[in-house]
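Student:
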Amino acid sequence: MPRSFFSIFIVGIISVQCPAFAEMCDSACVFTALQKLYNATGGYNWSRKNNWLSTFPAGQWQGVRKISSVVGGPYYSITLEKNNLVGTLPSDMVFPNLWHLRIGGNKGLTGEIPSAMIGNSPHLKRLSIREASFTGTLPANFFNLSSLESFEATNVAFSGTIPTEFGNLNELKILDFDKAFHGTIPESIFGLTKLEELAICHNPNITGVLSEKIGQLVNLKKLAMDSNSLTGMIPTTIFQLTNLEKVELQSNFFEGPIPFTIGESTSLKDLRLGNNNLEGTIPQALFGLSYLERIDIKRNFALSGSIHESVSDLANLQILDVSNCDLYGPLPTLSKILTPTYIDFSENFFSQSIPRNFLGSANSSSFIKVDLKSNLLTGVVPSSLSRLDYVDLNIIENYFV
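This note's numbering applies: residue 1401 is where the sequence shown begins, and numbers increase by one.
1. Quick check on the DSSP output: the alpha helix (DSSP H) that includes residue 1702 runs from which residue to which?
2. If you follow the beta strand (DSSP E) that residue 1553 is in, where does it begin and where does it stop?
3. Are the CB atoms of residue 1658 and residue 1625 nearer to each other than 8 Å?
4. Do residue 1581 and residue 1575 have their C-beta atoms within less than 8 Å of each other?
5. Less than 8 Å between the C-beta atoms of residue 1724 and residue 1701, yes or no?
6. Which partner residues does residue 1633 have in the DSSP bridge list?
7. Who are the Cβ neighbours of residue 1679 in its own chain at under 8 Å, not counting the five residues just before and after it?
8. Going straight from the alpha carbon of residue 1527 to that of residue 1570, what length do you get?
9. Name the DSSP beta bridge partners of residue 1478, please?
10. In angstroms, rounded to a whole number, what distance separates the CA positions of residue 1509 and residue 1444?
11. Is it buried or exposed for residue 1642, if we count other Cβ within 10 angstroms and need 16 for buried?
12. Whole angstroms is fine: what's the gap from residue 1542's alpha carbon to residue 1630's?
13. Since residue 1799 sits in a beta bridge, which residues does DSSP pair it with?
14. So, are the CB atoms of residue 1496 and residue 1518 less than 8 Å apart?
15. Mind checking residue 1790: buried by the 16 CB within 10 Å criterion, or exposed?
16. Within its chain, find whatever has a CB closer than 6 Å to the CB of residue 1763; leave out the 5 residues flanking it on each side and keep chain order.
17. Measuring straight from C-alpha to C-alpha, what distance separates residue 1503 and residue 1685?
18. Could you tell me the boundaries of the alpha helix (DSSP H) in which residue 1786 lies?
19. Leaving out the 5 sequence neighbours to the left and right, which residues in its chain are closer than 6 Å to residue 1507 when beta-carbon positions are compared?
20. Leaving out the 5 sequence neighbours to the left and right, which residues in its chain are closer than 6 Å to residue 1479 when beta-carbon positions are compared?
21. Among 1489, 1767, 1499, 1529, which has the Cα closest to the Cα of residue 1470?
22. Under 8 Å between C-beta atoms, does residue 1798 make it to chain D?
23. Grab me the residues of residue 1681's own chain with a C-beta within less than 6 Å of its C-beta, minus the 5 sequence neighbours each way, in chain order.
24. Within 10 Å of its beta-carbon, does residue 1830 have 16 or more other beta-carbons around it, so buried, or fewer, so exposed?
25. Nearest by alpha-carbon distance to residue 1594: which of 1474, 1549, 1742 is it?
26. Check whether the Cβ atoms of residue 1779 and residue 1754 lie closer than 8 Å to each other.
27. How would you call residue 1752, buried or exposed, if buried means at least 16 neighbouring beta carbons within 10 angstroms?
28. Which same chain residues, not among the five before or five after residue 1743, have their C-beta less than 6 Å away from its C-beta?
29. Would you kindly work out how many angstroms separate the C-alpha atoms of residue 1520 and residue 1553, rounded to a whole number?
30. Taking residue 1753 as part of the beta strand (DSSP E), name the residues at either end of that continuous run.
31. Which residues bound the beta strand (DSSP E) around residue 1516?
32. What separation, rounded to the nearest whole angstrom, lies between the Cα atoms of residue 1494 and residue 1636?
33. Residues in the same chain with beta-carbon distance under 6 Å from residue 1577, minus the five sequence neighbours each way, listed in chain order, please.
34. Roughly how many whole angstroms lie between the Cα atoms of residue 1435 and residue 1535?
35. Taking the Cβ atom as the reference point for each residue, do residue 1760 and residue 1784 lie within a distance shorter than 8 Å?
36. Comparing C-alpha positions only, which one of 1698, 1666, 1677 sits nearest to residue 1714?
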């Protein structure tokens, strides 16, 4: 038997009949990958590094978790957030069984995301690099990560336009980046039907109109596109997403009315549309959304009309801010709201007197701030407010007796 064939035969026998051999090879690969990460990012100065580069199994190194219960494993999760990592990620790090990589909060991490490192981690499900100092663009093979479910890059200064290739990442459930990229939001993102959280915010260089195709995100629970430079009307399809719990569209340049479809968003808890150019009246259907805890539509100077008394039926409402609009008529009683914390009707044209049972069901021991300044209110402050132990009431610039 030729020697080369004999060697191959023996190695084949060992790898088939001795699982420990495969495990030993896997452990060596993991050790080498983690060693490269440690050396490249100043591991000796990390805040938490117990057992790193020791003889303990990698799954016992601080911030490393071995996941053996999943088919195809073992996989590894690395969590080194806010751990004083400094330097660039190693381009020669080979870690095929890397599942989660969470290295956010390390502002000393610089440079670009290495293409080779991404290419050598095909099973990656979660990548969190928020609050780091990476620059440049995402490598092209990033968009081949077919298992990726979460990408979080808050406060990472990626350049260029938002890549249309995000639409290739069909397993994404969380897509979160702000202060990154520029230009318009590609419609391909709205084809990611598994998305539960979409956050593209705090970037005045994000422009254009928000497409009605956003209504394809049927599993969406959180939408945050605040503090950009988006224009046009708010898509009506947003409020037809029945799983949606939180909408943050404040501080843009949206115009037109609050969508008439808002009453269809039956899971909505948090609505923030302030600091836009919205006009028309507040739809009464908004006040039929019984789960609402926060309504913030302040500083829409052309938003006019009165506030329907049915807002008082929102027992879970904690924050109501309609300040600096063009609203008028009597104040609603808010008599069924149980745990309010912030009520702001200031800088409007509300008239008549404060209702006698204003905040009549509010928890008397809770701290509540109520701002009614700069309206046309008259009469006296009702005794219902005096039963509240911790109320901060601002009633200046009115016409009280």
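Using N, Cα and C, we set each Cβ at its ideal position, and we do this for glycine too.
Tutor: In this structure, then:
1. Against the sequence shown, residue 1702 aligns to sequence position 302. It is not in any alpha helix (DSSP H) - residue 1702 instead sits in the beta strand (DSSP E) that spans 1702-1705.
2. One-based indexing of the sequence shown puts residue 1553 at position 153. Run containing residue 1553: 1550-1554, per the beta strand (DSSP E) assignment.
3. Here residue 1658 refers to the residue found at position 258 of the sequence shown. Here residue 1625 refers to the residue found at position 225 of the sequence shown. In this structure, residue 1625 does not lie closer than 8 Å to residue 1658 by Cβ.
4. To locate residue 1581, count along the sequence shown from 1; it is residue 181. To locate residue 1575, count along the sequence shown from 1; it is residue 175. Taking 8 Å as the Cβ cut-off, residue 1581 and residue 1575 do not qualify as a contacting pair.
5. Along the sequence shown, read from residue 1 onward, the residue named residue 1724 stands at position 324. Along the sequence shown, read from residue 1 onward, the residue named residue 1701 stands at position 301. Yes, Cβ-Cβ distance for residue 1724 and residue 1701 is below 8 Å.
6. Residue mapping note: residue 1633 aligns to position 233 of the sequence shown, counting from 1. Per DSSP, 1655.
7. Within the sequence shown, residue 1679 is the residue found at index 279, counting from 1. So the qualifying residues of the chain are 1655, 1656, 1657, 1700, 1702, 1703, 1704.
8. The residue labelled residue 1527 in the question sits at position 127 within the sequence shown. The residue labelled residue 1570 in the question sits at position 170 within the sequence shown. Going from the Cα of residue 1527 to the Cα of residue 1570 covers about 15 Å.
9. For the purposes of this step, residue 1478 is identified with residue 78 of the sequence shown, where counting begins at 1. BP columns for residue 1478 point to 1464, 1501.
10. If you number the sequence shown from 1, residue 1509 lands on position 109. If you number the sequence shown from 1, residue 1444 lands on position 44. C-alpha separation (whole angstroms): 15 Å.
11. Position 242 of the sequence shown, counted from the start, is the residue given in the question as residue 1642. Residue 1642 comes out exposed.
12. Residue mapping note: residue 1542 aligns to position 142 of the sequence shown, counting from 1. Residue mapping note: residue 1630 aligns to position 230 of the sequence shown, counting from 1. About 27 Å.
13. Numbered from its first residue, the sequence shown carries residue 1799 at position 399. Residue 1799 pairs with 1778.
14. For the purposes of this step, residue 1496 is identified with residue 96 of the sequence shown, where counting begins at 1. For the purposes of this step, residue 1518 is identified with residue 118 of the sequence shown, where counting begins at 1. Not in contact: residue 1496 and residue 1518 (Cβ atoms no closer than 8 Å).
15. Residue 1790 sits at position 390 when you count from the first residue of the sequence shown. Within 10 angstroms of the beta-carbon of residue 1790 lie fewer than 16 other beta-carbons, which makes it exposed.
16. Position 363 of the sequence shown, counted from the start, is the residue given in the question as residue 1763. Correct list, in chain order: 1739.
17. Indexing the sequence shown from 1 puts residue 1503 at position 103. Indexing the sequence shown from 1 puts residue 1685 at position 285. Straight-line Cα distance between these residues: approximately 43 Å.
18. On the sequence shown, residue 1786 is found 386 positions in, with the first residue counted as 1. From DSSP, residue 1786 is part of no alpha helix (DSSP H); its letter is neither H nor E.
19. On the sequence shown, residue 1507 is found 107 positions in, with the first residue counted as 1. Cβ within range, chain order: 1533.
20. In the sequence shown, counting from the first residue as 1, residue 1479 sits at position 79. Around residue 1479: 1463, 1502.
21. Walking along the sequence shown from the start, residue 1470 turns up at place 70. Looking at the Cα atoms, 1499 is the closest of the given residues.
22. In the structure shown, chain D does not exist; there is a single protein chain.
23. As a first step, residue 1681 must be located in the sequence shown, where it is residue number 281. Result list for residue 1681: 1705, in chain order.
24. Absent from the model: residue 1830. The displayed extent of the chain is 1401 to 1801, so no value can be given.
25. Residue mapping note: residue 1594 aligns to position 194 of the sequence shown, counting from 1. If we check each option's Cα against that of residue 1594, 1549 comes out closest.
26. One-based indexing of the sequence shown puts residue 1779 at position 379. One-based indexing of the sequence shown puts residue 1754 at position 354. Result yes, Cβ atoms of residue 1779 and residue 1754 sit closer than 8 Å.
27. Here residue 1752 refers to the residue found at position 352 of the sequence shown. Exposed.
28. In the sequence shown, counting from the first residue as 1, residue 1743 sits at position 343. Cβ within range, chain order: 1720, 1770.
29. Sequence index remark: in the sequence shown, residue 1520 carries index 120 (1-based). Sequence index remark: in the sequence shown, residue 1553 carries index 153 (1-based). Distance between the alpha carbons of residue 1520 and residue 1553 is about 20 Å.
30. Within the sequence shown, numbered from 1, the residue matching residue 1753 stands at position 353. That run of the beta strand (DSSP E) goes 1749-1753.
31. The residue you call residue 1516 lines up with position 116 of the sequence shown. Counting along the chain, residue 1516 falls outside any beta strand (DSSP E), though it belongs to the alpha helix (DSSP H) covering 1515-1519.
32. The residue given as residue 1494 occupies position 94 in the sequence shown. The residue given as residue 1636 occupies position 236 in the sequence shown. Cα to Cα, residue 1494 sits roughly 46 Å from residue 1636.
33. Your numbering for residue 1577 matches position 177 in the sequence shown. Answer for residue 1577: 1553, listed in chain order.
34. In the sequence shown, residue 1435 corresponds to position 35, counting from 1. In the sequence shown, residue 1535 corresponds to position 135, counting from 1. So the two alpha carbons sit approximately 24 Å from each other.
35. For the purposes of this step, residue 1760 is identified with residue 360 of the sequence shown, where counting begins at 1. For the purposes of this step, residue 1784 is identified with residue 384 of the sequence shown, where counting begins at 1. Yes, Cβ-Cβ distance for residue 1760 and residue 1784 is below 8 Å.
36. To locate residue 1714, count along the sequence shown from 1; it is residue 314. Scanning 1698, 1666, 1677 for the CA closest to the CA of residue 1714 turns up 1666.
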